[in-house]
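As you go down the protein sequences, you meet chains A and B in turn.
Under the numbering used here, residues 18 to 99 are what the first sequence spells out, in order.
Under the numbering used here, residues 58 to 509 are what the second sequence spells out, in order.
Cβ atoms here follow ideal geometry from the backbone N, Cα and C, with glycine treated the same way.
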Amino acid sequence: MNIKKNIALSDTGFIFNPSTGESFSVNPIGVEIIKLIRDGKEKDQIKESILEKYQTDDATFERDYYDFVNIMNHYNLTEIDE
Amino acid sequence: MEKLRYERPIIKKLETGMPNKFGMRTEYTPMTHIDGVAVKELIKEYGSPLFVLSEKTMRNTLKSAKQAFTTRYPKVQFAWSYKTNYLDAVCNVFHQEGSWAEVVSGFEYQKALDNHVPGNKIIFNGPDKSDSDLKRAISNDSYIHIDHLEELYSVISIAKELNKKPRVSIRVNMDTGIYPMWDRFGFNYENGQAWDAINKIMLSEHLELVGLHSHIGTFMLSANAYAVAAFKLADLTVNIQRKYDYHLKYLDLGGGFASKNTLKGSFLPGADISPTFNDFAEAITGSLINSEIDPHHLPVLILETGRALIDEAGFLLGSVVANKRLSTGKRATIIDVGVNIMFTSFWYEHKLTPAQEFTHYTEDTIVYGPLCMNIDVIRENVNLPLLNKGDQVVIHYVGAYNMTQWMQFITLRPKVVMIDLKGKSHIIRDNETNSSITSLEKIPEHLMKFEL
């Protein structure tokens, strides 16, 4: 899975999808995760990076990560890797 | 390096809805303390969920209501509406402030007596007073507000039996221009029923008509309806004086004043649109003072307001059980407060705030209670910060009716604590245990045993 290439993401958390005209806002940790996905990082690498930086645990992050990714799918912001 | 505080990642679609000049404020300003006591400490000490009542707010609210009326009318008496919240500690706060008791059942009447309210300071309302209730009330010289003719005849017959002359009023219902018109209680003004009852009492040598009572509705958002009610009661008072040369001792305008809660379907928050005590007082006393009632024989104005005096003093603390995502992508949060203990969630969109600091990121959330029942919805749509399991929330304006209409259903009812004027918390009702419920049950012998 990756973020669609045409999706614009600003550092302040503003997302714009030029193909639909829809815009979204993301909180800072969401921006971080999207950037890591864009950099080609796998889930476990992302988890490691977040756990190192934030006060959270494995289970909490995993649950929130899948929820976040599912919502991005729901909004059509992701694509399956070929 | 110290780790940063974690917040779950969220993505929110930006939607431009219809332009709205009001720009409704989101409700995530946290409430970390109640009267100086930390919400976290209260939950730690007494558990979650937990009802918390502020003695200070109760007393201050009654004082401001009294001020609104007594600065406009010379004789005012408040009577605490037991059904609104009949926890003894709550009743006694209002009794200490000078309120009489207003009860609507034999059970509530006994509670008032147990609280040492003198019998002649109890107002007995309601459509179902048994003969034994009436005998007790007559013996104690309480004010009996007659609801229907059957009750009128019962009171006459008991008065004869006891050889007493009970002090009675009649409840009068009327058209005050509001919908729905409450005509199920008392005698109607417009069609002459009220006059018929008044004549029967005035011509009976066994009863003393001391006043008239009306209670035009509940959660009234129009102060003017009370002006109409006061005008009609004043009209009856004047005509009783003309016809019988008799001065009534009081007019009881009942209750029904709205609190700051927001009714479901209301466009604006209740805090912005509910009339103030000054509005209600101006409407009622204006009608009485401007009526033809002899100024040398002004009746005492009795008020039985309940909700508006205690709603804001009540808080319900709860904790987040889980977060989930609905099929539509909408966020759902489950808290440990169910509709069984918060009956008023069927009528109001209760203000709900977190009890800890959060960032400014929020999500539109549906808040469910813990019951395994589809109807257990606390808020259908509320903008909340990113709550995690175990985080605490404060539900506001729950002082009225919840602690009397709550149900033991699926879960047990929690503790109620009151924070006194010095910031000390006291348990005023303990939580239920299994035995509180099962001690009332009995199992027939043949159902005592089974094998599985």
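- Within the region 407 to 485 of chain B, the complete alpha helix (DSSP H) runs of at least 4 residues fall at 459 to 462.
- Residue pairing by DSSP puts N245/B in a beta bridge opposite N230/B.
- Just measuring C-alpha positions, the residue of T419/B, M58/B and V212/B sitting nearest K70/A is M58/B.
- Taking a contact to require three or more Cβ pairs closer than 8 Å, the region 426 to 445 of chain B and the region 383 to 393 of chain B qualify as touching.
- Of all alpha-carbon atoms in T233/B, N296/B, P237/B and K221/B, the one lying nearest the alpha-carbon of L264/B is that of K221/B.
- A straight line joining the alpha-carbon of N44/A with that of R55/A spans about 17 Å.
- Taking a beta-carbon distance threshold of 7 Å, F41/A counts as an interface residue toward chain B.
- Take the alpha-carbon of I203/B and the one of K70/B: they are about 59 Å apart.
- Counting only runs that start and end inside the region 112 to 139 of chain B, the alpha helix (DSSP H) elements of at least 4 residues fall at 112 to 127.
- Between the alpha carbons of P332/B and R80/A lies a gap of roughly 47 Å.
- Minimum Cα-Cα distance from H270/B among the listed residues A251/B, M259/B and L260/B corresponds to A251/B.
- Using a Cβ distance threshold of 7 Å, E369/B and Y454/B count as a contacting pair.
- The residues T118 and L119, in chain order, have a CB closer than 6 Å to that of L366/B in the same chain once the five nearest residues on each side in sequence are set aside.
- Contact annotation for I391/B against chain A: no contact, minimum CB-CB distance about 14 Å [criterion: below 7 Å].
- The DSSP-derived three-state label of R224/B is strand.
- Per DSSP, R382/B is one residue of the beta strand (DSSP E) stretching across G371 to R382.
- Among the CB atoms of chain A, one or more fall inside 7 Å of the CB of R65/B.
- Neighbours of D84/A across chain B, judged by C-beta separation under 7 Å: R382.
- Nearest in C-alpha terms to S162/B, of all of G343/B, N149/B and S138/B, is S138/B.
- From the beta-carbon of G386/B, the residues of chain A found nearer than 9 Å are N87, I88, H91 and Y92.
- Using a Cβ-Cβ cut-off of 8 Å, D81/A is close to R65 and P66 of chain B, given in chain order.
- Residues of the region 416 to 440 of chain B with a C-beta less than 8 Å from any C-beta of chain A: T416 and Y418, listed in chain order.
- Closest in C-alpha terms to V474/B, from the list G249/B, M88/B, E112/B and E72/B, comes E112/B.
- Your pair D421/B and N445/B does not check out as a contact, with CB atoms roughly 17 Å apart and the cut at 8 Å.
- Scanning its chain for C-beta atoms nearer than 8 Å, with the 5 sequence neighbours on each side dropped, one finds around I91/B the residues L99, V109, S111, F372, V451 and I476, in chain order.
- If the five residues before and after F337/B are omitted, its C-beta is found closer than 7 Å to the C-beta atoms of A280, Y283 and F314, all from its own chain and listed in chain order.
- Inter-residue distance for H91/A and T319/B is about 34 Å (C-alpha atoms, whole angstroms).
- For G47/A, the nearest beta carbon of chain B is closer than 7 Å to its own beta carbon.
- In this structure, K472/B places its C-beta atom within 7 Å of the C-beta atom of L107/B.
- It is roughly 13 Å from the alpha-carbon of Q462/B to the alpha-carbon of G395/B.
- About 6 Å separates the beta carbons of I68/B and I88/A, which is inside the 8 Å limit, making them a contact pair.
- For the region 64 to 80 of chain A, residues whose beta-carbon sits nearer than 7 Å to a beta-carbon of chain B comprise K70, Y71, Q72 and T73.
- Taking 7 Å as the cut-off, the Cβ atoms of L310/B and I341/B count as close.
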